[in-house]
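Numbering (the numbering used here), first residue to last: 3 to 221. Here a beta-carbon is modelled for each residue, glycine too, at the ideal position from N, C-alpha and C. Because the structure is a prediction, the values reported are computed rather than measured. One structure below.
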């Protein structure tokens, strides 16, 4: 899994993979104060401390994203949606409302949109109306699933209720899903085609145009 995640992360380095519809607030890191995004000049020293705690194979991604964020602070445009085309790591997620979601069960049937979020991520709530709208529009063709990361079930469920997020969701209890996908900040959205390949992933808040554009590509 680590090798696949590393390949997906390395795709960030390619300018040709930038998505024209990418726009959204900066990413929240769990190492930062609750709900914080990586700010510009005011957080340079904190950024160094955060990176020093990352695993070696995360460094390239952290460096690239830090460069983008330091250049814009907490602006409204990250433009970092990335093409990956790697096999998506399989996982089974226990859903909050009962039952479970297994990624490989969707292979050959439906495309999948995975939204990673957390109760401590302020920006995650900003994209909820958009995700809910697209979920209702594409639910017959696309399997949507939310995955709470670095969180507790109680806090994640309360957060979903507060922001009105109603897609099927569960908690990454062991952190294995987060590790497999090479996750580094919230929110992050992955687009998986029917063949089980990661078509695109977007770190940061999604826009309606971006969601429709990427979903149409994997149908």
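query                                                                                                                                                                                        : result
Considering residue 308, what are the terminal residues of the beta strand (DSSP E) in which it resides?                                                                                     : With the chain running from 3 to 221 in the structure shown, residue 308 is simply not present.
Give every residue of the same chain whose Cβ lies closer than 6 Å to the Cβ of residue 195, excluding the five residues on either side of it in the sequence, and list them in chain order. : 113, 201 and 220
For residue 94, which residues does DSSP report across the bridge?                                                                                                                           : 104
What would DSSP say about residue 169, mapped onto helix, strand or coil?                                                                                                                    : coil
Taking only three categories from DSSP, how would you classify residue 124?                                                                                                                  : helix
Who are residue 116's beta bridge partners in DSSP?                                                                                                                                          : 147 and 192
In terms of residues, what are the limits of the alpha helix (DSSP H) holding residue 152?                                                                                                   : It is not in any alpha helix (DSSP H) - residue 152 carries neither H nor E in the DSSP assignment.
Tell me where the alpha helix (DSSP H) around residue 130 begins and ends.                                                                                                                   : 130–140
Would you report the Cα separation of residue 117 and residue 180, rounded to the nearest angstrom?                                                                                          : 11 Å
Under a Cβ-count criterion, where at least 16 other Cβ atoms within 10 Å of its own Cβ denotes burial, should residue 99 be classed as buried or exposed?                                    : exposed
Determine the direct distance from the alpha carbon of residue 156 to that of residue 215, and round the result to whole angstroms.                                                          : 34 Å
Short check: CB of residue 95 to CB of residue 184, under 8 Å?                                                                                                                               : no
Please report the distance separating the alpha-carbon of residue 142 from that of residue 110.                                                                                              : 14 Å
Relative to the C-alpha of residue 164, which residue among 115, 108, 127 and 204 is closest?                                                                                                : 127
Considering only the beta carbon of each residue, do residue 150 and residue 119 sit closer than 8 Å?                                                                                        : yes
Tell me which residues share the same chain as residue 210 and place their Cβ nearer than 6 Å to its Cβ, disregarding the 5 neighbours each side in the sequence.                            : 132
Buried or exposed: residue 106, going by 16 or more other Cβ atoms within 10 Å of its Cβ?                                                                                                    : exposed
Let me know if residue 166 comes out buried or exposed under the rule of 16 or more other beta-carbons within 10 Å of its beta-carbon.                                                       : exposed
Could you please give the first and the last residue of the uninterrupted alpha helix (DSSP H) stretch that includes residue 219?                                                            : 210–220
At the level of alpha carbons, what is the spacing between residue 203 and residue 160?                                                                                                      : 26 Å
Give the secondary structure of residue 180 by DSSP, where H, G and I count as helix, E and B as strand, and everything else as coil.                                                        : helix
Do residue 169 and residue 193 come within 8 Å of each other at the CB atom, strictly closer than that value?                                                                                : no
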